[in-house]
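Okay, structure first, notes after.
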Amino acid sequence: MSRARWLLSAAFVLIVGVAIGWLAVWTLLAQPDLDEAVPEPPSSATEEPAPPPADGPEAQLDSTSPQPKEDPPEADPGPQLPEASANHVAHLEALLESEDLEEVQELSVIVIDEHGREVVSRDPDLPVTPASTNKLLTAAAALRLLGPDYRHVTRAYAVGEVTDGVLAGDLLLVGSGDPALASPRYAQEVYPARPHTPIDDLAAAVEANGISEITGAVRGDARLFADEPVAEGWVDRYFANLDATRVSGLTVDAGRRLLERGDDLHAEVAEDPALHTATVMTDLLGDRDIKVAGEPAVGGAGAPAREIARIQSPPLADLLAHVVQTSDNHMADGLFRTLGALAGRNEGTWADSETTVRRVLGDLDHDWTEIVLADGSGLSRDDRLPASLLAELDRTMFTENANEWQPLMAVAGERGTLRGRLRGTVAEGRLAGKTGALRDTRALTGHVIATDGRRYHFAILGSGLDGNGLQAVRALMDDVVLLLAGGEPPCTPAELDDDGDCPPFG
1 MSRARWLLSA AFVLIVGVAI GWLAVWTLLA QPDLDEAVPE PPSSATEEPA
51 PPPADGPEAQ LDSTSPQPKE DPPEADPGPQ LPEASANHVA HLEALLESED
101 LEEVQELSVI VIDEHGREVV SRDPDLPVTP ASTNKLLTAA AALRLLGPDY
151 RHVTRAYAVG EVTDGVLAGD LLLVGSGDPA LASPRYAQEV YPARPHTPID
201 DLAAAVEANG ISEITGAVRG DARLFADEPV AEGWVDRYFA NLDATRVSGL
251 TVDAGRRLLE RGDDLHAEVA EDPALHTATV MTDLLGDRDI KVAGEPAVGG
301 AGAPAREIAR IQSPPLADLL AHVVQTSDNH MADGLFRTLG ALAGRNEGTW
351 ADSETTVRRV LGDLDHDWTE IVLADGSGLS RDDRLPASLL AELDRTMFTE
401 NANEWQPLMA VAGERGTLRG RLRGTVAEGR LAGKTGALRD TRALTGHVIA
451 TDGRRYHFAI LGSGLDGNGL QAVRALMDDV VLLLAGGEPP CTPAELDDDG
501 DCPPFG
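Residue numbers for the sequence shown follow the numbering used here, so the first one is 1 and each next one is one higher.
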């Protein structure tokens, strides 16, 4: 080899080596900071908090934090179904043009097919009060961010030394926002069907640690969430009716305090959920003959603490199925606040939760400018959603993973808030979705599998309604669903009888 050729080869090798080296450095620097996904519990300057968890379900956020979402591999969509026929569309349009709906001003409606093609609509982008259909955004964001197997963890810490069964200090309960934490009486007598995390298991673990006396108090630490127990737009009557309870990072019995009045068991809203949780734990320890000297209290540890027990909630998929099917407001808002507290180094405010949901669902092709998510349950009078967003959300989540999304839904004639609706009709078992109702609001969103195999996604939202408007929007929902479920109408709109039905044949 000539000297010139040798020098040229050597130079080429050197250039390639330098390029590979710079590529490796750039790759390391470009990795996302996944530690941002797991915040340490907030602490004050005068207290040393319980140590942040180093393991457990919260660690799942390392891989499910709201980083840019990778596009999933494209699945074979199968044969492209033809668009709805002109006859079908004409029937749907006739429903939307009903005289009964003329006075309804705040009505947002859309029907799309499984490919996202619009079938029919009326003001689909008009933001209106969504009521409990808002819970679907909470559910979708939670599935994407946390995953169906995520579990909340509630921990007990000994703040002090344990000698001969005596804890010389406090027992600290550190909450993770678990909305299913429950006392034995609530789980067994008040709401057995609700998923629950038995707080008595923590008391049993304290006993198993050989502790028979606590010289301090049981303290509840709820600082994962900001101290904002009430969302903007909630009205006072929600608390009197127990439609809403205060939301905290440490809450037992869905934020309710159980009271005995004679032979009856009553419930009222707990003024301070964390303090009430500490009180319940103190009573459960007493049932196990564990003496607690101090009165229940709130706040973090004032000294180094050692974890002695933990309990886990049911998996997120179970909690979400209960939220969507039964419209559990407290559980929905607890999960909504969890999203804001665990995504990045947020303060755990309601506003943080709204930001997180917007970010996690930001790939939906929609203008979020006028959308308001004041809470996760849809109780807030400030919430605003358009039908177009809800229908596209349902279609997207069903397309991503129907095996996770479909089990959450209420089903006409079968389960949840739709169990008694449209029973015995063609829509029974074919409509899956979420209902919503406030005093002046009616809403329904979800999807219908028609008799001809087509799948339609829809949302119907009406707010600001009077008595006649409530009835008209309710009738519209049922009529649209029945028309979608039944497939191609057997007549044209002009052939409808006075009741809006196709005449019999033969």
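Beta carbons: idealized from backbone N, C-alpha and C, even for Gly.
Using the rule of at least 16 other Cβ atoms within 10 Å of the residue's Cβ for burial, across every protein chain shown, is residue i buried or exposed?
{"i": "L461", "result": "buried"}
{"i": "N329", "result": "buried"}
{"i": "Q31", "result": "Unreliable positioning characterises Q31 in this predicted model, as indicated by a pLDDT of 28, which lies under 50. The coordinate reading is nonetheless provided below. Exposed, because fewer than 16 other Cβ atoms sit within 10 Å of the Cβ of Q31."}
{"i": "G175", "result": "buried"}
{"i": "D497", "result": "exposed"}
{"i": "W368", "result": "exposed"}
{"i": "P229", "result": "buried"}
{"i": "R288", "result": "exposed"}
{"i": "L28", "result": "Model confidence at L28 stands at a pLDDT of 26, short of 50, so the residue's coordinates are unreliable; what they give is reported in the following sentence. Exposed: under 16 other Cβ atoms inside 10 Å."}
{"i": "E495", "result": "exposed"}
{"i": "D170", "result": "buried"}
{"i": "R384", "result": "buried"}
{"i": "R144", "result": "buried"}
{"i": "S353", "result": "buried"}
{"i": "T197", "result": "buried"}
{"i": "D394", "result": "buried"}
{"i": "L521", "result": "Outside the displayed range of the chain (1 to 506) lies residue 521, so it cannot be described from this structure."}
Please return the same chain residues whose Cβ sits closer than 8 Å to the Cβ of residue i, not counting the five positions on each side in sequence.
{"i": "D365", "result": "E392"}
{"i": "L422", "result": "A412, G413, E428, L431, D478, V481 and L482"}
{"i": "E58", "result": "Annotation note: pLDDT 39 at E58 (below 50); position unreliable, coordinate value reported separately. Within the same chain, E58 has close Cβ partners V38, V153, S176 and L342."}
{"i": "A473", "result": "Checking the sequence, you will find Val at residue 473 rather than Ala. Correct list, in chain order: L101, V104, L107, R442, I460, G462 and L465."}
{"i": "A204", "result": "R288"}
{"i": "P407", "result": "A317 and A321"}
Would DSSP call residue i helix, strand or coil?
{"i": "D452", "result": "coil"}
{"i": "F225", "result": "coil"}
{"i": "E106", "result": "strand"}
{"i": "V91", "result": "Looking at the sequence shown, residue 91 is not Val but His. H91: helix per DSSP, three-state reduction."}
{"i": "E508", "result": "It is not possible to answer for residue 508, since the shown part of the chain is limited to 1 through 506."}
{"i": "Y238", "result": "helix"}
{"i": "G436", "result": "strand"}
{"i": "R359", "result": "helix"}
{"i": "P273", "result": "helix"}
{"i": "T326", "result": "helix"}
{"i": "A156", "result": "strand"}
{"i": "D264", "result": "strand"}
{"i": "E213", "result": "strand"}
{"i": "L444", "result": "strand"}
{"i": "D113", "result": "strand"}
{"i": "P493", "result": "helix"}
{"i": "L461", "result": "strand"}
{"i": "A244", "result": "coil"}
{"i": "V411", "result": "strand"}
{"i": "G249", "result": "coil"}
{"i": "A11", "result": "For A11, the predicted model reports a pLDDT of 47, less than 50, meaning its position is unreliable and no value from the coordinates is stated."}
{"i": "L393", "result": "helix"}
{"i": "T417", "result": "helix"}
Could you pull out every residue in the same chain whose Cβ sits closer than 6 Å to the Cβ of residue i, ignoring the five residues on either side in sequence?
{"i": "E114", "result": "R455"}
{"i": "H186", "result": "Per the sequence presented here, residue 186 reads as Tyr, with His not at that position. Cβ within range, chain order: D253."}
{"i": "E106", "result": "V128, S463 and G464"}
{"i": "A443", "result": "P130, A131, T133, G436 and L461"}
{"i": "G294", "result": "G216 and A217"}
{"i": "P184", "result": "D200"}
{"i": "E347", "result": "A226"}
{"i": "A94", "result": "P493"}
{"i": "V166", "result": "E213"}
{"i": "E207", "result": "R288"}
Am I right that residue i and residue j are in contact with their C-beta atoms under 8 Å? What's the rounded C-beta distance?
{"i": "A270", "j": "V218", "result": "A270 to V218, Cβ: 15 Å. No contact."}
{"i": "T445", "j": "Q325", "result": "14 Å between Cβ atoms; not a contact."}
{"i": "G433", "j": "A450", "result": "That belief does not hold up - the Cβ atoms of G433 and A450 are roughly 14 Å apart, past 8 Å."}
{"i": "E232", "j": "S380", "result": "6 Å"}
{"i": "A332", "j": "S377", "result": "4 Å"}
{"i": "A182", "j": "L320", "result": "That pair is no contact at about 17 Å."}
{"i": "A139", "j": "V323", "result": "6 Å"}
Under 7 Å Cβ to Cβ from residue i, same chain only, skipping five residues before and after it: list those, please.
{"i": "T425", "result": "L482"}
{"i": "I110", "result": "E118, S121, P124, A387, S388, A391, F458 and A459"}
{"i": "Y238", "result": "A244 and L379"}
{"i": "L92", "result": "V111, V119, V120, V480 and L483"}
{"i": "L96", "result": "V109, V120 and R122"}
{"i": "W234", "result": "A244, L379 and S380"}
{"i": "T396", "result": "L364"}
{"i": "Y157", "result": "A50, L172, V174, A301, A305, R306, E307 and I308"}
{"i": "E70", "result": "In this prediction, E70 has a pLDDT of 47, which is less than 50 and means its spatial position is unreliable; what the coordinates show is noted afterwards. There are no such residues."}
Can you find a heavy atom of the ligand MG that lies under 8 Å from the Cβ of residue i?
{"i": "D383", "result": "No copy of the ligand MG appears in this structure; indeed no ligand is present at all."}
Entirely within the region 287–322 and at least 3 residues each: give me those beta strand (DSSP E) ranges in chain order.
Listed in chain order, they are 306–312.
I'd like the ranges of any beta strand (DSSP E) spanning at least 3 consecutive residues and lying wholly in the region 144–190.
Secondary structure in the region 144–190: the beta strand (DSSP E) runs of 3 residues or longer, each lying completely within the stretch, are 153–159 and 170–174 in chain order.
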